[in-house]
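> Following my numbering, the numbering of the sequence shown begins with 1 at its first residue and continues without gaps. Every residue gets a Cβ at the ideal spot worked out from N, C-alpha and C, and that includes glycine. Below you'll find the structure I mean.
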Amino acid sequence: MTQHVLVLNCGSSSIKFAIIETTSAKLPLQGIAENLGAENSQLRYSYGQDKTSLKLTTNATHKDALHCIEQVLKKFDTLGSSLVAVGHRVVHGGERFTHSCLIDDAVKQAISDMSHMAPLHNPANVAGITSAQAAFPNLPQVAVFDTAFFQTLPKHAYLYALPYKLYEQHGIRKYGFHGSSHYFVSGQAAKYLTKEIKDCNLITAHLGNGCSITAIKQGKAIDTSMGFTPLEGLMMGTRCGDIDPSVATFLIENLAYSANQVSALLNKQSGLHGISQLSNDCRTLEQEQAQGNQQAKLALDMFVYRLVKYIGSYLAIVGPLDALVFTGGIGENSSYIRQQTISQLKHMGFSLDDKLNTEMRFGHSGFISQPSSKNILAIATNEEWVIAQDTIKYAFQA
Ligand code: ADP
1 MTQHVLVLNC
11 GSSSIKFAII
21 ETTSAKLPLQ
31 GIAENLGAEN
41 SQLRYSYGQD
51 KTSLKLTTNA
61 THKDALHCIE
71 QVLKKFDTLG
81 SSLVAVGHRV
91 VHGGERFTHS
101 CLIDDAVKQA
111 ISDMSHMAPL
121 HNPANVAGIT
131 SAQAAFPNLP
141 QVAVFDTAFF
151 QTLPKHAYLY
161 ALPYKLYEQH
171 GIRKYGFHGS
181 SHYFVSGQAA
191 KYLTKEIKDC
201 NLITAHLGNG
211 CSITAIKQGK
221 AIDTSMGFTP
231 LEGLMMGTRC
241 GDIDPSVATF
251 LIENLAYSAN
261 QVSALLNKQS
271 GLHGISQLSN
281 DCRTLEQEQA
291 QGNQQAKLAL
301 DMFVYRLVKY
311 IGSYLAIVGP
321 LDALVFTGGI
331 GENSSYIRQQ
341 TISQLKHMGF
351 SLDDKLNTEM
361 RFGHSGFISQ
371 PSSKNILAIA
381 TNEEWVIAQD
391 TIKYAFQA
């Protein structure tokens with residue numbers, strides 16, 4: 001009988017959900033409950049070609065949304081009755097969680113205890129877990145951590161050059177995020193290269209609203225751009241990425257910013273949005289710059305420049321490269337960003353096949369490099385599939 005897993009990605013004001021077939025990776029049902037806690041809370045989902053939008057109660061909570069998702073599943077009887085487990089994307093697993101695990105009270109408490117390191121994410125993950133336990137009391141629930149893939153980072157890569165006590169007493173170090181995506185596309189890249197993953201040196205660039213890049217040597221992550229929180233590294237939709245930390249103290253001391261205001265500025269008002277003063281959406285910026293908007297051009301130029309710098313530095317540490325991989329909403333779909341990036345890496349042995357670069361978009365994955373170039377791949381990521389696979393693996397462990 002066909003079995004399904006419910007995959008939940010609970011954010012502070014949204015719950016993304018997907019039902020996945022455990023053997024085929026088919027997604028018969030997926031959707032999002034959004035604007036939770038606000039007046040216009042709603043639930044949208046698609047079942048095959050059918051798209052439905054439902055209004056939720058005003059100020060709907062995670063619990064209300066999960067209840068509604070449960071009702072939707074009941075409506076599609078076969079899906080509801082074939083659910084075998086629930087998988088939760090959990091953003092921060094700290095040093096404690098080196099792999100996914102079945103959720104019990106102690107695990108839930110540990111995820112909650114790490115909230116200071118991911119204040120926007122872990123509390124929402126815990127709220128989602130509690131609500132899902134109430135909605136699906138008979139199903140095992142598994143936590144899959146964004147950070148787990150980076151447990152192989154060596155100490156010299158994950159430590160900050162701060163007093164060592166801050167690491168020992170407060171866990172201040174680089175953790176890395178987007179692990180499920182980097183894991184998935186690195187495995188796919190190995191298949192395209194017809195090599196075993198343990199023999200692959202890769203650079204994987206996940207470019208979405210959040211952006212991160214990972215150096216993978218002999219199949220293992222050895223460095224990644226996101227850090228203690230998902231703010232470090234590449235320029236992103238609304239996050240600044242790398243900056244001199246003194247900017248934060250300057251804002252506090254000279255411009256009377258509170259800690260919350262600094263955090264909001266760096267996380268929500270910066271990046272593509274902050275520079276363009278227009279949008280965090282790469283598509284909008286590409287259109288605007290084509291019409292001569294100089295701020296949009298500057299934002300995209302900065303995005304590419306910083307990406308190129310990271311690729312250069314990771315080339316130095318991974319050893320002979322098997323492939324550079326683009327993924328995430330921008331990496332999978334923007335032939336412009338890929339073209340701009342690779343054009344700056346010609347002298348390092350990269351060149352794009354323009355036709356393949358145009359073809360590999362919107363769910364089509366494959367090589368986009370010329371035969372004479374170092375390998376470049378564009379691969380559609382599938383974090384839900386990784387979560388579903390781990391959920392099956394850990395849900396039924398004795
Ligand atoms: P998230 O990090 O929220 O999962 P996604 O991976 O879905 O986000 O990526 C969202 C980003 O992908 C947005 O900035 C959007 O502009 C960009 N994007 C999606 N399609 C395209 C496209 N055809 N061209 C350029 N950018 C795109």
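Does the distance between the C-beta of Asn357 and the nearest non-hydrogen atom of the ligand ADP fall short of 7 Å?
Counting from 1 along the sequence shown, the entry for residue 357 is found at position 357. No, Cβ of Asn357 sits at least 7 Å from all heavy atoms of the ligand ADP.
> Secondary structure at Asn248, three-state DSSP: helix, strand or coil?
If you number the sequence shown from 1, residue 248 lands on position 248. The question names Asn, but residue 248 in the sequence shown is Ala. Ala248 falls in the helix class under three-state DSSP.
> Check whether the segment 217-232 touches the segment 148-165, taking contact to mean three or more Cβ pairs, one atom from each stretch, closer than 8 Å.
yes
> Does Arg306 come out as helix, strand or coil in the three-state DSSP assignment?
One-based indexing of the sequence shown puts residue 306 at position 306. Helix.
> Name the one or two DSSP bridge partners that Lys75 has.
Along the sequence shown, one-based indexing puts residue 75 at 75. Note: Lys75 sits in no beta bridge, so no partner.
> Comparing the CB of Gly93 with every heavy atom of the ligand ADP, is any distance shorter than 7 Å?
Reading the sequence shown from its first residue, position 93 is the one you call residue 93. No, the ligand ADP has no heavy atom inside 7 Å of this Cβ.
> Between the alpha carbons of Thr214 and Ala380, how many angstroms are there, rounded?
Start at 1 with the first residue of the sequence shown, and residue 214 comes out as number 214. Start at 1 with the first residue of the sequence shown, and residue 380 comes out as number 380. Each residue's alpha carbon lies about 16 Å from the other.
> How should Glu168 be labelled, buried or exposed, when 16 other C-beta atoms within 10 angstroms of its C-beta is the threshold for buried?
What you label residue 168 is simply residue 168 of the sequence shown in a count that begins at 1. Exposed: under 16 other Cβ atoms inside 10 Å.
> Could you check whether Gly94 and Gly11 sit closer than 8 Å to each other, using their CB atoms as the reference points?
As a first step, residue 11 is located in the sequence shown; it is residue number 11 there, counting from the start. As a first step, residue 94 is located in the sequence shown; it is residue number 94 there, counting from the start. Cβ distance not < 8 Å, so Gly11 and Gly94 don't count as in contact.
> Shorter than 7 Å, the distance from the beta carbon of Gly176 to the closest heavy atom of the ligand ADP, or not?
Position 176 of the sequence shown, counted from the first residue, corresponds to residue 176. Checking the Cβ of Gly176 against the ligand ADP gives no.
> So, using beta-carbon positions, are Val90 and Ile69 closer together than 8 Å?
Along the sequence shown, read from residue 1 onward, the residue named residue 90 stands at position 90. Along the sequence shown, read from residue 1 onward, the residue named residue 69 stands at position 69. No, the pair does not count as a contact, with Cβ atoms beyond the cut-off.
> With a threshold of 7 Å, establish whether the CB of Asp281 neighbours any heavy atom of the ligand ADP.
Position 281 of the sequence shown, counting from 1, holds the residue named residue 281. The answer is yes for Asp281.
> Could you spell out the range, first to last residue, of the alpha helix (DSSP H) harbouring Leu265?
Start at 1 with the first residue of the sequence shown, and residue 265 comes out as number 265. Run containing Leu265: 259-268, per the alpha helix (DSSP H) assignment.
> Taking the Cβ atom as the reference point for each residue, do Leu102 and Gln397 lie within a distance shorter than 8 Å?
Translated into the one-based positions of the sequence shown, residue 102 becomes position 102. Translated into the one-based positions of the sequence shown, residue 397 becomes position 397. For Leu102 and Gln397, yes; Cβs fall inside 8 Å.
> CA-CA distance, His206 and Leu73?
Sequence index remark: in the sequence shown, residue 206 carries index 206 (1-based). Sequence index remark: in the sequence shown, residue 73 carries index 73 (1-based). CA-to-CA, the gap between His206 and Leu73 works out to about 31 Å.
> Are the segment 107-123 and the segment 9-28 touching by the rule of at least three beta carbon pairs closer than 8 Å?
yes
> Report yes if the CB atom of Thr327 is closer than 8 Å to the CB atom of Thr204, and no otherwise.
Position 327 of the sequence shown, counting from 1, holds the residue named residue 327. Position 204 of the sequence shown, counting from 1, holds the residue named residue 204. Going by C-beta atoms, Thr327 is nearer than 8 Å to Thr204.
> Do Gly208 and Met235 come within 8 Å of each other at the CB atom, strictly closer than that value?
Here residue 235 refers to the residue found at position 235 of the sequence shown. Here residue 208 refers to the residue found at position 208 of the sequence shown. For the pair Met235 and Gly208, the CB atoms are not nearer than the 8 Å cut-off.
> Within the continuous beta strand (DSSP E) that includes Gly87, where are the two ends?
Counting from 1 along the sequence shown, the entry for residue 87 is found at position 87. Unbroken beta strand (DSSP E) run through Gly87: 83-90.
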